[in-house]
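Below: one structure, written as structure tokens.
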Amino acid sequence: ESTVPFVCMQQSFTHNPYLNTMVIIHILMHAQNIQAAILHDTVEDTDTTPEEIEKHFGSRVRAIVDEVTDDKRLPSEVRKRLQIEHAPHCSHEAKLVKLADKLYNLRDLSTTTPLGWNEQRVQAYFEWSEKVVFGLRGTNKPMELALDQVFEARRVLNDKIPESK
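Counting from 1469, one number per residue, gives the positions in the sequence shown under the numbering used here.
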């Protein structure tokens, strides 16, 4: 019981919000969730098959990974639309993985622009992510609040940047 507050106090020097630790702890409470969170992009980004995921990690982990894996054979815009449409219908575990992934990606994009991306692409990712997150609401209040803060910080930042003509 006292482990969580202790760790949070000890890690306060990292300048990460207390919320980060709480979110991670929530996910880690279920080993299958953390396995799926780690593996969620593996099928999309490598030659790993869903069958291999199941063989090594079990059918539940595979099911969660399947829910959050895009079909790379489809065009990017279709995949993005399907993520928005499917988000409300995912299992609770898949929603947690999606929320954590969006939170990580958006925080990362808030500080670092990936190679080959421009400001418009970053902004489009934020706007699309907000639509995906809308369909995940009601899953995990701390992650949703953290995402709201990231979205709001982005809006505030954009309001301060003059438009280039």
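C-beta: ideal position from N, C-alpha, C; glycine also. Please read all numbers here as calculations on a predicted model, not as lab measurements.
Excluding sequence positions up to five before and after Glu1598, its CB lies within less than 7 Å of the CB of Phe1619, all in the same chain and listed in chain order.
Look at Lys1563 here: in three-state DSSP terms it is helix. One Cα belongs to Ala1562, the other to Pro1543, and the distance between them is close to 22 Å. Excluding sequence positions up to five before and after Lys1570, its CB lies within less than 7 Å of the CB of Ser1597, Val1600, Val1601, Leu1615, all in the same chain and listed in chain order. In this structure, DSSP gives Lys1523 a helical state, which the three-state scheme calls helix.
An exposed status is given to Val1546, since fewer than 16 other beta-carbon atoms sit within 10 Å of its beta-carbon.
In this structure, the beta-carbon distance from Val1533 to Ile1552 does not fall below 8 Å. Ala1555 and Arg1589 have their C-alpha atoms roughly 22 Å apart. In this structure, Met1611 places its C-beta atom within 8 Å of the C-beta atom of Leu1567. Within the same chain, and ignoring the five residues on either side of Cys1558 in sequence, the residues whose Cβ sits closer than 8 Å to its Cβ are Glu1535, Val1536, Lys1566, Leu1604. For Pro1556, the secondary structure class from DSSP, reduced to helix, strand or coil, is helix.
Here Asn1573 carries a helix assignment [DSSP, helix/strand/coil]. In this structure, Arg1622 places its C-beta atom within 8 Å of the C-beta atom of Phe1594.
With respect to the 8 Å criterion, Glu1512 and Lys1548 are not classified as neighbours on the basis of their beta carbons. Counting along the chain, Thr1510 sits inside the alpha helix (DSSP H) bounded by residues 1510-1513.
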